[in-house]
Structures are given as structure tokens and as C-alpha cells.
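Below you'll find the structure, written out as C-alpha cells, and then a few comments.
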Amino acid sequence: MTSIGLPHFLIVGAALFALGMVTVVTRRNAVGILMGVELILNAANVNFIAFNHYVEGPGKITGQVFSIFVIVLAAAEAAIGLAIVLAIYQTFRTIDVQETDLLRQ
Amino acid sequence: MAEGSSNLRGYLVRLAVLVAGLLVFAGASLGHAFGKVPTGPTIAAQYVGTVGIVWGLNGFLFRTLPLSGFLLLVFSAAIFGVLFLLGYFFQSVAGPFVIDNAGQLVGLIRLTDLIFYAFALMTIGGAAGCAFSRNIIYSAWSLLFAFMGVAGLYVFLGADFPAVAQVLIYVGGILVLILFAIMLTKQIGEDPKLTNAHLALPVGAALAVVTVGTLSYMAVMAPWKLTEKPSYEPVSAALGVAFLTDFLLPFEVASVVLLAALVGAVIIARKEIKEQSDTVLE
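One line per chain: the protein sequences are F and E, in this order.
According to the working numbering, the residues represented by the first sequence are 1 to 105, in order.
According to the working numbering, the residues represented by the second sequence are 1001 to 1282, in order.
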């Protein structure tokens, strides 16, 4: 048995989540905010797979199935989010989220 | 003419040092393996041999990086460390996989821990670079390290398919998409203060510390119901079966979501071009 256990992975996931949240909260660039969201989704995935490995036991893969769905939704979210960022840029000529506060042109 | 001969002499000296380094390295290794030379002098001799090899090779390879003095020693130490880890891996992990020796078991644990900490450091360092870098393009590149580190952690947890999916989708897809968005919105060097707000760094760091502290305390103190024997079996076949039996409905819904996202992204991002084509038609 190795000495690396579940808490190690949970701490890595917590650090990833915290840094992603900091990115979302402090960035003024819309693309930066999307990068923070990706970090948060990765943190959730690390937790899913760690729990699958250490808690769920051998032969059960529900955690990994959930992580695959999270990856799929992250891909869809990135495509839609970046398309919206490009549309915002074409309308306002900036992607500073503090300046883009109108829903019309 | 004189310059040519001095060049030739330099090459010969480098070649001689290279051969001498190789001989010292091989001799020390053989002496350790067969002649029962103790470990300390062996490692010292191998390091000296590595320095000679690096200095000799510097005359032929990577010549744009002139190594001398302290830099040479540090560079050689790095290369020697990599070689040491490789040799250690092949000697005690890949070779005799069934281990009944207590000393070797301790060494194996240390190496496994080392690999985990390397991946964890890569992940958290990449995420920190993404969060605190002033330049958005540096953030995107640090995100690459965070994604690769997370893929390594998946391998560490016996999740082979999610690891490959992570590399393919995140590194090969999402990161490229993010870089494209950054390039297309061309705000990299024009307005540096756009990347972060004024009070962002101290407030953000405090937020990160509080969150990590709370979640880590919970992760360490909670009484998790751990399984006795975690498995490292390949899971791809079982995942495929699960997707087509237990999770069939979510699987189909996910494909519809992806299709909708594809169409939606194209429609949203093509607005400008559509207006232009309208004006052309008028």
C-alpha cells in the first residue's frame, strides 16, 4: 500500500477549485473568466475520480462516467462561451466584463 | 588556418573529455554493480562523469547554450537527476515488480509519492499561474500545465479513459479554442490592466487561502468509508458497457446537447459575417 490516499487528491481538488474561483472573481477579461470555470470543472472531476477510486471500490465506475459527462459539458460550455465572447467583442470592441453591461447594441 | 587548427584542437579536447566521462560513468556503474563499491562514491563518480559528458557534448550539440562554470554544474546536476530517476525506476519498479524486500518497498513508496507530488505541483502551479498572471496569454499557457497535471492524476487513480479524454478534449480542444479566442479579441498587449482588477491579488489570495483551508480540513477530518483494495484495472470496456446500458439516456441527451452547442456556437459567432453578406445582397 502506498501512503498517498484520498485526502491528498481532495486537497489538490480543493486547491484547483479555489484557484478557479479566484480566477472567476478577479478577472476582468471574459476569456479569463471562462478559464476559471474550466479549472473549477477540473476540480470537480478530480474529486469524482478520487472518490470512485478510493470509496466506490473495484468494479464500479459511476464516478468515472460522471467525469466523462462533465468533460462533455465542459466542451459544450467552452464552445458556447467563447462564441458569446466573440459576439460581445464584435459588438462592443472590448471583452472587459465591467464595460459590457448592455444587452443591446 | 590557425583558427581552423585551434577549432580542431577544441573539438578533439571535447571528444576526449566526452569519452573520458562515458568511461568514468560506465566504470562507476559496473563497479557498483559487480565490485561492491559503496553508493556514495559511485554517485559522486557518476556525477563527475556526467559533467564530463555534458561538457564534451556541448561542443557538438546545443551549442547555442554555452555552458561553463556554475551553469555547467547545475545543468549536469539536472541531467544526472533525470538519469538517476530513470535508472531507479527501471531498477526497482519496472524490473522486479513483486517486492519482498523491506528496503526496496520503502524506496518504491518514496518514488510513487514523488511522482504524485510532481503531478500535484504541476496542477496547482498551473492553476496558480492561470489565476495570478497579469497577462492573459500566460494564463492560457499555465492552464496547459494544469490540464496535463490533472491527466497525470487520473492515471494515478487508475482512470485510463478519463485521462486520455482529458488530454484529447481539454488540451487538444478547449485550450486551442481559448487561445483562438484570445488571439481573435486582440487585447493581449494593448491594455495590461484589463487582465486583473486593482485589489484583485490580495483579496483573491485571501479567498483562495480560506477556501483551501476549509476544504482541506474537511477532506482530512471527515471519516470516509474507504474501500480496502483500490483497483488499477483498465476501465474502458466497462465504461462503454455502462454508457450503453445504465447511462443510455444521459448518453443520448449528451449527444443532443453537443449538437445544440455546435449549432448555437456557429450561429452566435457568425453574426458579423451574416450582416456583411446582407449588405452585399442589398
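No residue lacks a Cβ here, since even glycine has one placed at the ideal position from N, Cα and C.
Remember, it's a predicted structure, so these values are computed and weren't measured experimentally.
Give every residue of the same chain whose Cβ lies closer than 7 Å to the Cβ of E/S1231, excluding the five residues on either side of it in the sequence, and list them in chain order.
For E/S1231, where only same-chain residues beyond five positions count, the Cβ hits under 7 Å are G1158.
DSSP three-state assignment for E/H1014, whether helix, strand or coil:
Note that residue 1014 of chain E corresponds to Arg in the displayed sequence, not to His. Helix, per DSSP.
Cβ of F/F48 within 8 Å of Cβ of F/S67?
Judged by beta-carbon spacing, F/S67 lies within the 8 Å limit of F/F48, meaning their Cβ atoms are closer than that value.
Go through its chain and collect everything with a Cβ distance to F/F9's Cβ below 7 Å, but skip five positions before and after it.
If we look at F/F9 and ignore the five residues flanking it on each side, its Cβ neighbours are V46, A50.
In three-state DSSP terms, what is E/I1099?
Any reading at E/I1099 must be qualified, since the residue scores a pLDDT of 43, below 50, and its modelled position is unreliable; no value is offered.
First and last residue of the alpha helix (DSSP H) that includes E/S1231?
From DSSP, E/S1231 is part of no alpha helix (DSSP H); its letter is neither H nor E.
Could you tell me the distance, in whole angstroms, from the CA atom of E/T1050 to the CA atom of E/F1060?
Taking the CA atoms as reference points, E/T1050 sits about 16 Å from E/F1060.
Is the CB of E/P1202 under 8 Å away from at least one CB in chain F?
no
Give the C-beta separation of F/A44 and F/V70 to the nearest angstrom, bearing in mind that I take them to be a contact with Cβ-Cβ under 8 Å.
6 Å
Could you give the distance in angstroms between the alpha-carbon of E/P1041 and the alpha-carbon of E/F1080?
15 Å
Should the stretch 1030–1046 of chain E be called in touch with the stretch 1014–1022 of chain E, which here means at least 3 C-beta pairs below 8 Å?
no
By a C-beta neighbour count over all protein chains shown, 10 Å radius and 16 as the cutoff for buried, is F/Q64 buried or exposed?
Classified as buried, F/Q64 has 16 or more neighbouring CB atoms from the shown chains inside 10 Å of its CB.
Beta-carbon of F/T100 versus every beta-carbon of chain E: anything under 8 Å?
no
Closer than 8 Å to chain F by CB, E/V1155
no
Compute the Euclidean distance between the alpha carbons of F/V85 and E/A1181, then round it to the nearest angstrom.
In this structure, the alpha-carbon of F/V85 lies about 8 Å from that of E/A1181.
Tell me the DSSP secondary structure of E/P1192 in three-state form.
Caution is warranted here: a pLDDT of 48 is assigned to E/P1192, below 50, making its placement in the model unreliable, and the coordinate value is therefore given only provisionally. Here DSSP, grouped into helix, strand and coil, assigns E/P1192 to helix.
Take the Cβ of E/V1127 as the centre, count every other Cβ of all protein chains shown within 10 Å, and call the residue buried at 16 or more, exposed below.
First, the amino acid is wrong: residue 1127 of chain E is Ala here, not Val. Classification of E/A1127: buried, given that the 10 Å Cβ count is 16 or more.
What is the DSSP secondary structure of F/D101, reduced to helix, strand or coil?
coil
Measuring CB to CB, does F/A74 end up less than 8 Å from E/I1174?
yes
Using a cut-off of 7 Å between C-beta atoms, extract the partners of F/I49 located in chain C.
In the structure shown, chain C cannot be found, because the protein chains are F and E.
Can F/M35 and E/L1207 be called in contact, C-beta distance under 8 Å?
no
Enclosing alpha helix (DSSP H) for F/E77 [first to last residue]:
62–92
Pull up the DSSP beta-bridge partners for E/D1160, would you.
Answer by DSSP bridge pairing: none, since E/D1160 is not bridged.
Can you have a look at E/Q1166 and say buried or exposed, based on whether 16 or more other CB atoms are within 10 angstroms of its CB?
buried
Output the distance between the C-alpha atoms of E/K1229 and F/N42, rounded to the nearest integer angstrom.
Answer to the nearest angstrom: the Cα atoms are 26 Å apart.
What residues from chain E crowd round F/V22, counting only those whose CB sits closer than 7 Å?
Those within 7 Å of F/V22 in chain E are A1131, G1204, L1207, A1208.
Taking DSSP's pairing of strands, which residues face F/D96 in a bridge?
Partner(s): F/N29.
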